[in-house]
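Student: Residues in the sequence shown are numbered from 2 upward in steps of one, following the numbering used here.
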Amino acid sequence: MLKAQVLGHLGNDCQVSNVNGVTIINFNCCHSEKYKNREGVIVNKSVWVNCSYFTEKTAIAAYLKKGVQIYAEGNPSVDVYKNKEGQQIPQLKLRVNMVQLLGGNKQENNNQQAAPQSDLTQSQQEFLAGGGEEISEPPF
């Protein structure tokens, strides 16, 4: 048995279809890596994976939107298709057994960071900001 794990962002919103009573959620996931080669040049490498999730639990489809980061596991396969120039291009596919949502898209994350919410009390915030007094002895 072959098993593959993919961690990446969705390239588009998922598409839900029903074929002969079987529900399929299709989505494209892009895994990106960044590294320096021997010459010190930064190289960005992306691998696209076409994912098909055969499931009766379609509630997750509402959250599989463009830009969302996911983790998916399943059985990999390779297919070949012809592009516009007539060249045969290999295509990585994954028949998904399990998918996990890891977070929103980058734009949503930036909005959340711009307006952080704090669970600290005002006195705790003042102390952390340098307005608190230093305690020399324990209070007990």
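The C-beta atom is built at its ideal place from N, Cα and C for all residues, glycine as well.
Reducing DSSP to helix, strand and coil, say where T59 ends up.
Tutor: Along the sequence shown, one-based indexing puts residue 59 at 58. Looking at T59 - three-state DSSP - the assignment turns out to be helix.
Student: Along the beta strand (DSSP E) that carries E34, what are the first and last residues, could you check?
Tutor: Here residue 34 corresponds to residue number 33 of the sequence shown, with the count starting at 1. Segment V23 to K37, the beta strand (DSSP E) holding E34.
Student: Inspect the beta-carbon positions of N29 and G12 and report whether they are closer than 8 Å.
Tutor: Locating residue 29 in the sequence shown gives position 28, where the first residue counts as 1. Locating residue 12 in the sequence shown gives position 11, where the first residue counts as 1. Cβ atoms of N29 and G12: closer than 8 Å.
Student: Ends of the beta strand (DSSP E) at V97?
Tutor: Locating residue 97 in the sequence shown gives position 96, where the first residue counts as 1. Counting along the chain, the beta strand (DSSP E) containing V97 begins and ends at Q89 to G104.
Student: Which residue from Q92, A5, T56 and N45 puts its Cα closest to that of S18?
Tutor: For the purposes of this step, residue 18 is taken as residue 17 along the sequence shown, with counting starting at 1. Measuring from the Cα of S18, the nearest candidate turns out to be T56.
Student: Less than 8 Å separating the beta-carbons of L8 and N76?
Tutor: On the sequence shown, position 7 is the one that residue 8 refers to. On the sequence shown, position 75 is the one that residue 76 refers to. It is not a contact, given that the beta carbons lie outside the stated cut-off.
Student: Following the continuous beta strand (DSSP E) through G75, name the residue where it begins and the one where it ends.
Tutor: Residue 75 sits at position 74 when you count from the first residue of the sequence shown. Note, G75: beta strand (DSSP E), Q70 to K83.
Student: If we ignore side chains and look at the alpha-carbon of each, how far apart do L93 and H32 end up?
Tutor: The residue labelled residue 93 in the question sits at position 92 within the sequence shown. The residue labelled residue 32 in the question sits at position 31 within the sequence shown. Each residue's Cα considered, the two are about 12 Å apart.
Student: Roughly how many angstroms separate the alpha carbons of V100 and I71, rounded to a whole number?
Tutor: Residue mapping note: residue 100 aligns to position 99 of the sequence shown, counting from 1. Residue mapping note: residue 71 aligns to position 70 of the sequence shown, counting from 1. Looking at the two C-alpha atoms, the distance is approximately 7 Å.
Student: Which residue from A62, H10 and T59 puts its Cα closest to that of W49?
Tutor: As a first step, residue 49 must be located in the sequence shown, where it is residue number 48. The candidate whose alpha carbon is nearest that of W49 is H10.
Student: Of the residues N45, C15 and V79, which one's Cα is nearest the Cα of P91?
Tutor: Mapped onto the sequence shown, residue 91 falls at position 90. Looking at the Cα atoms, V79 is the closest of the given residues.
Student: State the Cα-Cα distance for the pair K66 and Q16, rounded to the nearest angstrom.
Tutor: Taking the first residue of the sequence shown as 1, we reach residue 66 at position 65. Taking the first residue of the sequence shown as 1, we reach residue 16 at position 15. Those two C-alpha atoms are separated by around 10 Å.
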